[in-house]
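K.L.:
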Amino acid sequence: MAYRLICDNKRYSFSLMDNGTDVFDSRVHFILSHHVDSDYKYAWQACSAAKKMERKRPLHVEAMKKWAMEDLEKPVILDISAEEMIFNHYNEMIDIFSSKTKDPEEDDVEDIKTEGHMIYDELRALYEAIEDDEDKRKVKKLVSVLKKIMRPYGGIKKKEEREESVSDELGLGAGMGAGMGAGMGAMAKSAANIIEYDEEYDEEFQEDVLTDFAEKVCEAIEKSHPNCVFDIDVEGQVNEIYVSDKTSSAGDQVAYAPILVASFNDNFNLRGLYPVGNLKSVYPYHNAEFFEKYWKPIVNSIGHFLFEDNDALVVSQNIPDFKSGSSKAIKAWDVKKGKDKEVKLEFKGEEENESWFIEDEGKDLVPAFATPVRMSSAQNKESVFFGKKIVICTDNSLESIFKQLGEIIEIIPHADYVELDVNFGEELGVVRLTEDKVEIVN
68 MAYRLICDNK RYSFSLMDNG TDVFDSRVHF ILSHHVDSDY KYAWQACSAA
118 KKMERKRPLH VEAMKKWAME DLEKPVILDI SAEEMIFNHY NEMIDIFSSK
168 TKDPEEDDVE DIKTEGHMIY DELRALYEAI EDDEDKRKVK KLVSVLKKIM
218 RPYGGIKKKE EREESVSDEL GLGAGMGAGM GAGMGAMAKS AANIIEYDEE
268 YDEEFQEDVL TDFAEKVCEA IEKSHPNCVF DIDVEGQVNE IYVSDKTSSA
318 GDQVAYAPIL VASFNDNFNL RGLYPVGNLK SVYPYHNAEF FEKYWKPIVN
368 SIGHFLFEDN DALVVSQNIP DFKSGSSKAI KAWDVKKGKD KEVKLEFKGE
418 EENESWFIED EGKDLVPAFA TPVRMSSAQN KESVFFGKKI VICTDNSLES
468 IFKQLGEIIE IIPHADYVEL DVNFGEELGV VRLTEDKVEI VN
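In the numbering used here, each residue carries its 1-based index in the sequence shown increased by 67.
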């Protein structure tokens, strides 16, 4: 299943596609789910809605696929009333759901409960939205059928009961185990979007958390990048968000290229926020304008930032505005020692060479300079990678490592080009790449 974004009159909608056929178009089918709008002000909102519809509400998609299969030349049914479309759709969803509940595998039981409650929530929202008494009676009949199907699986629980249970499971505001101590209160952790780490968190939970953070990242820059969208990566030990912006368009189709990477550790602490691609050539990481236009607004939106080299977790409210030639001690939490500490935020340079970095106990994080290095020879190319640790693969033909972050472990200079041995972690291993296939992110 793929999705495409549609831009029309500076508004964004989406469609979900199966083998090239549109099976769900938000402009038409938004009436089928209260989670979907017909269109959106910003591209990231349409992007997020499309991803959630596919991942969190698959029964909607399955029902729409059956409709599309009836007439491949006309997958979007437009010649029936909105009410008829809605009730046909929910009858189809319940039929599909009912077939799934017959002799399920043990591993499928929780999915059945989740999907059953999803349908119930949708029907409840539909009931509240409609006014016609006859239509309300139809919704009640559908709910009765659903409740009967759900009886062997513990019945239907009210949404409030389920949300309270989920809140307890997530441990929001409860601490950070070894990473956080009692010194940062529960309220502060909640405000800073700090989540207690649990080894039992599954990939779905990771995707939910990173999707929420990705929305915050895009929202922070939506005024300057109204076309930005996001992807997330939760493979293995990777927790990363890739933000892309429009590069070109043809009709209602839009092409994108990466501009930012946000990296999180196992505790979902934001630990890296790097410009890539064209954005990096304009605003290198330690450039003052990157700090003001991207780094600080995004960190404010996320709520915290972890300076890993300094073991310092900083709550966003403590981060000052950029002021050239100044420095400020800011409160932080030492994630290793489990106690309060201070780090110094330095703003240095003048005009185009203004930069910023963190100082802690006399150890500086080396700043990147505002002016990008020009690579005119292999020697210059080689020097660009000295002291650099992290790169991102930008070659989309290398599917297994495209958009993956890796650590440079060796630089191999040649007469007119440079090769790099890059370690992409346990699963992907070390890959040798030429310098044109990567971008430096740190």
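Where a beta carbon is used, it is the ideal one built from N, C-alpha and C, also for glycine.
(1) Does the Cβ-Cβ distance between Ser115 and Arg94 come in under 8 Å?
(2) Does the Cβ of Pro325 have 16 or more other Cβ atoms within 10 Å, making it buried, or fewer, making it exposed?
(3) Are at least three pairs of beta-carbons, each pair with one atom in the region 280-293 and one in the region 103-111, less than 8 Å apart?
(4) Kindly list the residues whose CB is nearer than 7 Å to the CB of Glu129, restricted to its own chain and excluding five residues on each side of it in sequence; keep chain order.
(5) Please state the DSSP three-state secondary structure of Leu495.
(6) Could you tell me which whole beta strand (DSSP E) segments of length 3 or greater appear in the region 377-413?
(7) Quick check: what's the CA-CA separation for Gly339 versus Lys214?
(8) When DSSP builds the beta bridges, which residues end up paired with Val296?
(9) Between the beta-carbon of Leu380 and the beta-carbon of Val366, is there less than 8 Å?
(10) Which residue or residues does DSSP assign as beta-bridge partners of His371?
(11) Going along the chain, which residues of its own chain have a beta-carbon closer than 8 Å to the beta-carbon of Met84, five neighbours each way excluded?
(12) Answer yes or no: do Val485 and Ile476 have a C-beta to C-beta separation smaller than 8 Å?
(13) Does the region 166-173 come into contact with the region 189-200, if we say contact requires no fewer than three beta-carbon pairs (one atom in each stretch) closer than 8 Å?
(14) By DSSP's criteria, Ile478 is part of a beta bridge. Which residues make up the other side?
(15) For Ser368, collect the residues of the same chain with a Cβ closer than 7 Å to its Cβ; drop the 5 residues on either side in sequence, then sort them by chain order.
(16) Are the CB atoms of Asn306 and Phe331 nearer to each other than 8 Å?
(17) Should Ala117 be labelled buried (16 or more other beta-carbon atoms within 10 Å of its own) or exposed?
(18) Mark Pro342 as exposed unless 16 or more other C-beta atoms lie within 10 angstroms of its C-beta, in which case mark it buried.
(19) Under 8 Å by Cβ, that's how I've got Ala399 and Lys408 pegged, so tell me the actual separation to the nearest angstrom.
(20) Going by beta-carbon coordinates alone, are Ile161 and Val212 separated by less than 8 Å?
(21) Can you have a look at Val489 and say buried or exposed, based on whether 16 or more other CB atoms are within 10 angstroms of its CB?
(22) Nearest to Asp503 by alpha carbon, out of Pro219, Phe491, Thr461 and Gly473?
(23) What is the DSSP secondary structure of Val508, reduced to helix, strand or coil?
(24) Sort out for me which residues DSSP pairs Asn354 with in a bridge.
(25) Drop a sphere of 10 angstroms on the beta-carbon of Lys226, count the other beta-carbons inside from all chains shown, and report buried for 16 or more, exposed for fewer.
(26) Would you identify the three-state DSSP class for Asp75, choosing helix, strand or coil?
(27) Could you tell me which residues DSSP puts in a beta bridge with Cys460?
(28) Buried or exposed: Asp199, going by 16 or more other Cβ atoms within 10 Å of its Cβ?
(29) Quickly, what does DSSP pair Leu126 with across the bridge? List them, please.
(30) Express the C-alpha separation of Lys390 and Glu356 in angstroms, rounding to a whole number.
(31) For Met120 and Asp279, I'd like the C-alpha separation in whole angstroms.
(32) Given a cut-off of 8 Å, decide if Ser394 and Phe414 are closer than it, judged by their beta-carbon atoms.
(33) Give me whichever residues DSSP pairs with Ser80 in a beta bridge.
(34) How about Ser422 and Asn354: are their beta carbons less than 8 Å apart?
(35) Put Leu193 into one of helix, strand or coil per three-state DSSP.
P.N.:
Short version:
(1) Not a contact, by the Cβ cut-off of 8 Å.
(2) With 16 or more other Cβ atoms inside 10 Å of its own Cβ, Pro325 counts as buried.
(3) With a cut-off of 8 Å, the region 103-111 and the region 280-293 count as touching, because enough Cβ pairs lie within range.
(4) The residues are Ile163.
(5) Coil at Leu495, not helix or strand.
(6) Segments of the beta strand (DSSP E) lying fully in the region 377-413: 379-382 and 394-401.
(7) Straight-line Cα distance between these residues: approximately 47 Å.
(8) The partner list for Val296 (beta bridge, DSSP) reads Ser311.
(9) Contact flag unset, no.
(10) In the DSSP output, where bridge partners are listed per residue, His371 has Val382.
(11) Contacts found: Met68, Ala69, Tyr70, Arg71 and Val90.
(12) No. Outside cutoff.
(13) Using a Cβ-Cβ distance cut-off of 8 Å, the region 166-173 and the region 189-200 are not in contact, since fewer than three pairs of beta carbons, one from each stretch, lie closer than that value.
(14) The secondary-structure analysis by DSSP pairs Ile478 across a beta bridge with Leu487.
(15) In chain order, Lys283, Val284, Glu286 and Ala287 place their CB closer than 7 Å to the CB of Ser368, counting only its own chain and leaving out the 5 sequence neighbours on each side.
(16) Yes, they are a contact pair.
(17) Buried is the call here.
(18) It is buried - the Cβ of Pro342 has at least 16 other Cβ atoms within 10 Å.
(19) Contact check for Ala399 and Lys408: beta-carbon distance about 5 Å, within the 8 Å limit, so the pair qualifies.
(20) Yes, the Cβ-Cβ distance between Ile161 and Val212 is below 8 Å.
(21) So Val489 counts as buried.
(22) For the residues Pro219, Phe491, Thr461 and Gly473, the minimum Cα distance to Asp503 belongs to Thr461.
(23) In the structure shown, Val508 sits in coil (DSSP, three-state: anything other than H, G, I, E or B).
(24) Beta-bridge pairing links Asn354 to Ser422.
(25) A residue is called buried when at least 16 other Cβ atoms come within 10 angstroms of its Cβ; Lys226 does not meet this threshold and is exposed.
(26) In the structure shown, Asp75 sits in a strand (DSSP, three-state: E or B).
(27) Looking at the DSSP output, Cys460 sits in a beta bridge with Val505.
(28) Counting of Cβ neighbours within 10 angstroms places Asp199 among the exposed residues, the total staying below 16.
(29) Beta bridge pairing from DSSP links Leu126 with no other residue.
(30) Approximately 11 Å, taken between the alpha carbons.
(31) One alpha carbon belongs to Met120, the other to Asp279, and they sit about 15 Å apart.
(32) Yes, the Cβ-Cβ distance between Phe414 and Ser394 is below 8 Å.
(33) By DSSP's assignment, Ser80 forms a beta bridge with Ile73.
(34) Their beta carbons are under 8 Å apart, which means Ser422 touches Asn354 by this criterion.
(35) DSSP places Leu193 in helix when its eight states are reduced to three.
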